[in-house]
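Here the structure comes first, spelled out in structure tokens, and everything after it is commentary.
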Amino acid sequence: MDQIREKSPIELELLQRARNLIPALKSRSAQADKDCKLPDETVRDMQEAGLFRALQPKIWGGHEVDLRTFFEIQMTLAEGCMSTAWVFGVVGVHPWQLARYPVEAQRDVWGEDSSVLVASTYMPVAKVTPVKGGYQVSGRWGFSSGSQHAQWCLLGGIVPQDETGPTEHGTFLIPASDYRIEQNWDVLGLRGSGSHDIVVEDVFVPAHRVQRTNNYSIEATPGRLTNTNPMYSIPFAQVFARAVSTSALGALQGAINEFRDNAAKHIGKHGAKTAEDPAAQAAVADAIITVDSLKLVLMRNYGHLLALAASGEYPDVETRLLYRYQSSHVTNVCADRVSDLLRCMAASGLYNTNPVARFFRDLHQARGHIANNEAAYRRSYGLVQLGLPNADPFV
16 MDQIREKSPI ELELLQRARN LIPALKSRSA QADKDCKLPD ETVRDMQEAG LFRALQPKIW
76 GGHEVDLRTF FEIQMTLAEG CMSTAWVFGV VGVHPWQLAR YPVEAQRDVW GEDSSVLVAS
136 TYMPVAKVTP VKGGYQVSGR WGFSSGSQHA QWCLLGGIVP QDETGPTEHG TFLIPASDYR
196 IEQNWDVLGL RGSGSHDIVV EDVFVPAHRV QRTNNYSIEA TPGRLTNTNP MYSIPFAQVF
256 ARAVSTSALG ALQGAINEFR DNAAKHIGKH GAKTAEDPAA QAAVADAIIT VDSLKLVLMR
316 NYGHLLALAA SGEYPDVETR LLYRYQSSHV TNVCADRVSD LLRCMAASGL YNTNPVARFF
376 RDLHQARGHI ANNEAAYRRS YGLVQLGLPN ADPFV
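In terms of my numbering, the sequence shown is residues 16 to 410.
Structural data, given as structure tokens:
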């Protein structure tokens, strides 16, 4: 169990650095919402704290921390600002993916500056034309979180069948000089994530910067020959899906913190104290037990995945589908619990300046991500449980 896992000194230090940032993140959250972008100071603070290096290979100046610690960092940041934690999860997981690319691609990104950041959007919309030495790529992608702070972007498309493999989803690594950002992120929640569109017009992508996203073979992930930490062999979907759901746990905890503080002192217009309201008592208890139980599942699942990776085993399809379903469940149940908290704040909860209202907006926005489509992944898991073949190609 994670509770008895001894963390390394650098893991403990990174977690403390993340916690130290919470007051600043809270104070900047309104500005992030207004600008539809994280403040530059926030990104700089995370870089100076070494947080984006958490999953980066040690040979490139990274920390290679346990994946469970990476997600603990994300949850901690979310207590202050879910948009910040969302960007950390998405951008911070890319060094893990890049570690699986050919070393030449890693050198392209980190060779001169190992602190550069990589954004992404994996929707397979690229127009891909095979050419000598690689591919010509064009397209427009949505929802690229943190893209204004990144120097590279991982973009999704369908790689045509060739001598290296069948037709399947691929990820194209493209430098900022080869794409432009269309600023169109004007939404309900997670406004600070700055998840704008990316546009590419007929750009050459060399073959070493293309990865067959869900192919776990050594041939498709040759970076693992150099970066031998077993965590780099865990299936892609099992890692990235959690990067867009785990911030919800920290956000719900942040909402709990704010709600408890408010309930202890708030007296409504009719003279009733929120803390004495049975509905408020039930709502906060349910929210607390939700965070606790979902954390336990998260840590158990990664304990299992890491153990399998260390022994050279690959999780079976039922395990992969279950863990993906459990990941998608997180944002949905957290959104329900924060709704309960906000309802107990009555009219005072409706102000945009109310921190619980911000967590409410962010959590409901997060549940709209395709990886958090709980209904779809519930069906996929149930399908296999009833003896039918797996219908999820991305798992």
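Even glycine gets a Cβ: it sits at the ideal position worked out from N, Cα and C. Owing to the predicted nature of the structure, the values given are computational and were not obtained by experimental measurement.
Outcome for residue i when other beta-carbon atoms lying within 10 angstroms are tallied against a minimum of 16
i	result
K49	exposed
R253	The amino acid occupying residue 253 in the given sequence is Gln; Arg does not appear at that position. The residue is buried, with at least 16 neighbouring Cβ atoms inside 10 Å.
K147	exposed
V214	exposed
Q163	buried
Q31	exposed
R68	buried
E87	buried
M16	With a pLDDT of only 41 at M16, under 50, the local geometry of the prediction cannot be trusted, and no value is derived from it.
I249	buried
L240	exposed
A300	exposed
Q176	exposed
I189	buried
N316	buried
G327	exposed
T144	exposed
I37	buried
L27	exposed
Unbroken beta strand (DSSP E) run spanning residue i, endpoints
i	result
R155	G149 to S159
M61	Taken as a continuous stretch (DSSP letters only), M61 belongs to no beta strand (DSSP E), being part of the alpha helix (DSSP H) at D55 to E63.
E186	It is worth fixing the name first, because residue 186 is Thr in this sequence and not Glu. Residues E183 to P190.
Q226	V225 to R227
H211	H211 to P221
V174	W167 to V174
E197	R195 to E197
Residue i - containing alpha helix (DSSP H), residue span
i	result
A251	The residue asked about is misnamed: residue 251 is Phe in this sequence, not Ala. Start and end: F251 to A258.
E87	L82 to A93
V105	M97 to L113
Y6	Residue numbering for the chain in the displayed model covers 16 to 410; residue 6 lies beyond these limits and cannot be assessed.
N308	Checking the sequence, you will find Ser at residue 308 rather than Asn. P293 to A325 is the span of the alpha helix (DSSP H), which, as asked, contains S308.
V131	From DSSP, V131 is part of no alpha helix (DSSP H); its letter is neither H nor E.
V410	Segment: none, V410 is in no alpha helix (DSSP H) and carries neither H nor E.
Separation of residue j from residue i, as counted between CA atoms
i	j	result
G161	A322	32 angstroms
H211	V131	19 angstroms
S129	L170	20 angstroms
K41	G95	5 angstroms
E197	I74	35 angstroms
A47	A295	29 angstroms
D282	D292	Correcting the residue identity first, residue 282 is Ile in this sequence and not Asp. Near 11 angstroms, if we compare the C-alpha coordinates of D292 and I282.
L320	T84	14 angstroms
S159	S363	34 angstroms
L403	R393	14 angstroms
F274	R373	12 angstroms
Y329	A270	37 angstroms
G157	E178	31 angstroms
V306	T261	10 angstroms
G126	A191	16 angstroms
P221	R122	14 angstroms
T346	S232	31 angstroms
V399	A391	13 angstroms
E63	L401	50 angstroms
M360	N35	28 angstroms
Whole-Å CB distance - residue i paired with residue j, under 8 angstroms assumed
i	j	result
L378	A298	Actually they are not in contact, since the Cβ atoms of L378 and A298 sit about 14 angstroms apart, beyond 8 angstroms.
I25	V80	7 angstroms
P117	P237	5 angstroms
R6	F255	Any answer about residue 6 is impossible in this case: the structure gives the chain only from 16 up to 410.
Cβ neighbours of residue i in the same chain (closer than 6 angstroms, five flanking residues each side left out)
i	result
V259	H384 and A386
S98	A47, L205, G207 and S208
C349	A263, L267 and L378
A287	none
A100	Q89, L92, A93, S262 and G265
C51	W200, R206 and G209
Spatial neighbours of residue i in its chain, beta-carbon cut-off 8 angstroms, leaving aside the 5 residues before and after
i	result
S395	L336, R339, Y340, N405, A406, D407 and V410
V140	G154, R155, W156, G171 and G172
G397	none
Cβ-based neighbour list, residue i, same chain, cut-off 7 angstroms, excluding 5 preceding and 5 following
i	result
V202	Q380
V124	L113, V131, V133 and W167
V102	L53, S160, G161 and S208
D217	Q151 and S153
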